[in-house]
Each structure stands twice: as structure tokens, then as C-alpha cells.
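All remarks here apply to the structure that follows.
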Amino acid sequence: MGEKGDPIVKAITLGVALTFFAHVAFAQESATEAPVTPDDRLNAVLWQLTSAEYEGATRTAFAMARVALDKALKDKKHTAAIEQTGKFAKLPPAIIFDIDETVLDNGPNQVRMMLDTKTRPAELMARWHERGVAKPVPGAVEFIEYAQSKGVTLFFITNRNAEKEDGTRKNLEAIGVKLPATVDTVMMEHEKPEWKFDKGLRRATVAKDYRVVLVVGDDYGDFTSVWNKPTDERRKDAETEAARWGRDWILIPNPIYGSWENAAIKFNFRAPPDERRKIKHDTLKAFDAAE
Ligand SMILES: [Mg+2]
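Residue numbers (numbering that gives the first Met the number 0): 0 to 290.
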């Protein structure tokens with residue numbers, strides 16, 4: 000190697016120094032010149048992507064699902080679906096899952112949507128769904144493997160659009176879901192003309208041929224058609240259904256988005272972020288400090 004005064008050593012030293020200062024300058028530039036756009040999802044996305052608490056919450060839910068499944072498999076008179084009617088005791092067992100934020104974690108795409116405010120959210124969502132690379136929600140894979148080992152048919156009722164079925168199937172198979180060749184178990188929105196945003200008809204379709212032993216989702220609409228009511232009615236309804244939680248219905252936490260937020264903004268989807276924030280604030284009531 001050359002001596003300290005060697006021109007080559009000097010050149011390398013200078014190069015290293017310049018690279019270092021360039022990095023410092025760039026870091027300062029990105030900190031000062033690219034301010035973070037305020038986004039109401041920040042804490043929720045942070046919780047889902049980084050917290051031990053999210054890992055614990057979803058694993059708790061799937062552990063409870065396993066216990067509930069064992070019980071439901073033994074009790075042939077049991078159904079977890081509101082839509083299930085008639086004689087179902089001799090039908091083969093099935094679980095109905097939602098997909099997004101239930102078995103697949105879309106946190107990384109939520110980050111992208113927060114950072115890239117120029118591209119339409121629907122476009123970013125479509126690209127993400129087509130890639131089919133979402134990681135599983137913690138605990139989902141273990142529960143899916145367990146349910147499959149028990150011979151339960153797994154149905155996935157999702158409001159991803161029908162054209163996203165290929166990427167969706169690819170993603171589910173990548174996390175260990177065994178999709179049967181003879182029956183379409185991935186039921187997309189608009190895959191059939193009558194399959195609308197509300198999932199009730201698709202649940203009823205599954206319930207014609209299977210005994211629904213469990214429903215797993217992150218949104219109230221994954222369980223019932225009462226999702227599109229005002230917040231107080233939704234909350235009251237969920238209380239009325241108290242016996243089902245943890246027995247028929249397993250809820251995976253999703254603090255980022257959902258029909259809970261849509262109800263909170265009174266389904267006013269045209270409202271810009273500031274107006275939405277105002278509606279949300281007006282919905283909340285503090286205790287009266289004067290009392
Ligand atoms: Mg979902």
C-alpha cells in the first residue's frame with residue numbers, strides 16, 4: 000500500500016471525505032426540504048408495522064380462533080354465520096376469512112400511500128395487489144395450517160376487485176394457503192354481478208354448501224351487514240352480538256382504515272382531509288370539565 004503522501008492515497012482520502020460530507024449534506028437536505036405531510040394514519044400505521052403490541056394482539060386473536068375452532072368442529076349444531084339457515088349439521092365445515100389486514104398485512108403499502116400523495120390511492124393499491132408480496136398478519140399462517148390440518152375448507156371473501164384475483168391467489172399461496180382446484184374459495188367483489196361491496200350474499204353462498212364454523216375479519220362488514228350504519232348504531236349492534244365475539248367471530252385489529260372510519264366521517268367520501276378531521280373531532284365527546 001502507498002505512503003501517506005502518495006497521490007493515490009491522497010485522492011482516496013479526499014474521495015472518502017467528499018462522500019461523507021455529501022451524505023451529511025443530503026441528510027440535512029431531506030430533513031429540511033422535504034417536510035412530512037401530516038397524515039391521520041401515522042400512529043396507526045406505526046403501531047401495525049413496528050409494535051410488539053400489534054404482534055401480541057393478532058397472535059392473541061388467532062390463538063383464540065384455534066380454541067373456538069376446536070369447539071365449533073365438535074358442535075354440529077353450531078354456525079358462526081348470521082346468514083346460515085336451514086339444516087347444516089351434516090355440511091362440511093368451512094371458515095370464512097377476510098384478506099386485507101386479516102391474513103395479509105398491507106402496512107408497507109399504507110406507508111407508500113402516506114408518502115406518495117401524487118399518485119391516486121386506488122392506483123397504488125392496484126399495483127400492490129398485483130405484486131402479491133404482502134407478508135402474513137402475525138399468527139395467521141399458524142392458524143391457517145392448523146385449520147387445513149383439520150380438513151376445514153377456507154374461504155376468502157374480499158372486497159379487492161375481481162381483476163385482482165390472480166395476484167391475490169398468488170399472495171395467499173405464498174403464505175401457505177392451499178387453494179383447492181375444484182372449488183373457487185377466493186370470492187372477489189364483482190366476481191359475479193350480484194357480489195357487491197356488502198359481503199352478506201357471499202357469506203350466504205358459502206353457507207349453502209358448508210357449515211360456517213368461524214368468521215375471521217378486521218372490519219364489522221366481514222361479519223354482518225350492519226357495517227354501513229351510523230357509529231352509535233354499529234357500536235350498539237356489536238354489543239348486542241357480544242356472545243359471538245371470540246366464539247363465532249374473531250376480530251383482527253386494524254386501526255388504519257375500515258368502515259368504522261367511514262361511519263365516523265358519515266360516509267362523506269368527498270370531504271378533504273381537513274373536513275374529515277373536523278367531522279371526526281365533532282363526533283367525539285369529552286367529559287364536562289366544569290362538573
Ligand atoms: Mg380487511
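Backbone N, C-alpha and C define an ideal beta-carbon position, used for all residues, glycine too.
Alpha-carbon spacing of residue i relative to residue j, whole angstroms
i: Arg-243; j: His-128; result: 31 angstroms
i: Gly-150; j: Lys-265; result: 42 angstroms
i: Pro-37; j: Thr-116; result: 11 angstroms
i: Ile-94; j: His-280; result: 38 angstroms
i: Asn-170; j: Met-186; result: 15 angstroms
i: Ala-43; j: Pro-254; result: 5 angstroms
i: Gln-233; j: Gly-175; result: One detail in the question is off: residue 233 reads as Arg in this sequence, not Gln. Rounded to the nearest angstrom, the two C-alpha atoms are 34 angstroms apart.
i: Ser-224; j: Ala-263; result: 17 angstroms
i: Asp-69; j: Pro-179; result: 22 angstroms
i: Met-124; j: Lys-163; result: 10 angstroms
i: Phe-96; j: Arg-40; result: 24 angstroms
i: Leu-90; j: His-77; result: 11 angstroms
i: Arg-276; j: Asn-108; result: 22 angstroms
i: Trp-259; j: Arg-201; result: 21 angstroms
i: Pro-291; j: Met-112; result: Residue 291 is absent from the structure shown; the chain starts at 0 and stops at 290.
i: Tyr-256; j: Gln-47; result: 12 angstroms
i: Val-140; j: Ala-241; result: 27 angstroms
i: Lys-177; j: Ile-143; result: 9 angstroms
i: Ala-288; j: Val-35; result: 34 angstroms
i: Asn-105; j: Lys-191; result: 25 angstroms
i: Gly-85; j: Ala-203; result: 12 angstroms
i: Glu-193; j: Ala-161; result: 12 angstroms
i: Ala-64; j: Val-110; result: 29 angstroms
i: Glu-52; j: Leu-45; result: 11 angstroms
i: Thr-230; j: Ala-270; result: 18 angstroms
i: Glu-188; j: Glu-172; result: 20 angstroms
i: Phe-286; j: Trp-226; result: 27 angstroms
i: Lys-228; j: Asp-273; result: 23 angstroms
i: Lys-284; j: Ser-148; result: 48 angstroms
Proximity test, residue i beta-carbon vs ligand 1 heavy atom, cut-off 7 angstroms
i: Gly-216; result: yes
i: Glu-260; result: no
i: Glu-240; result: no
i: Thr-57; result: no
i: Asp-97; result: yes
i: Thr-204; result: no
i: Thr-118; result: no
i: Thr-101; result: yes
Closer than 8 angstroms to chain D by CB, residue i
i: Ile-98; result: In the structure shown, chain D cannot be found, because there is only a single protein chain.
8 angstroms Cβ cutoff met for residue i and residue j
i: Ala-60; j: Val-214; result: no
i: Glu-100; j: Asp-247; result: no
i: Tyr-209; j: Thr-152; result: yes
i: Val-212; j: Ala-71; result: yes
i: Thr-167; j: Gly-131; result: yes
i: Lys-195; j: Gly-220; result: no
i: Ala-206; j: Glu-54; result: no
i: Asn-369; j: Ile-278; result: Only positions 0 to 290 of the chain appear in this structure, which leaves residue 369 out of reach.
i: Ile-251; j: Thr-118; result: no
i: Leu-103; j: Ala-133; result: yes
i: Thr-181; j: Phe-154; result: no
i: Lys-73; j: Ala-88; result: no
i: Ala-121; j: Gly-245; result: no
i: Ile-372; j: Arg-159; result: The structure shown has nothing for residue 372, since the chain only spans 0 to 290.
Residue range of the unbroken beta strand (DSSP E) whose run includes residue i
i: Thr-181; result: From DSSP, Thr-181 is part of no beta strand (DSSP E); its letter is neither H nor E.
i: Ala-133; result: First-last for Ala-133: undefined, no H or E at that position.
i: Ala-93; result: 92-96
i: Asn-158; result: 152-160
i: Val-102; result: Run containing Val-102: none; DSSP gives neither H nor E here.
i: Val-140; result: No beta strand (DSSP E) holds Val-140; the alpha helix (DSSP H) holding it covers 139-148.
i: Glu-260; result: Looking at the DSSP string, Glu-260 is not in any beta strand (DSSP E); the run it does join, the alpha helix (DSSP H), is 258-263.
i: Glu-188; result: 185-188
Residue i: first and last residue of the uninterrupted alpha helix (DSSP H) it sits in
i: Pro-272; result: 272-282
i: Thr-59; result: 51-73
i: Glu-172; result: 164-173
Next on the checklist: Suppose only complete runs of 4+ residues qualify. What are the alpha helix (DSSP H) ranges in the stretch 199-249, listed by chain order?
Outcome noted: 199-208, 230-239
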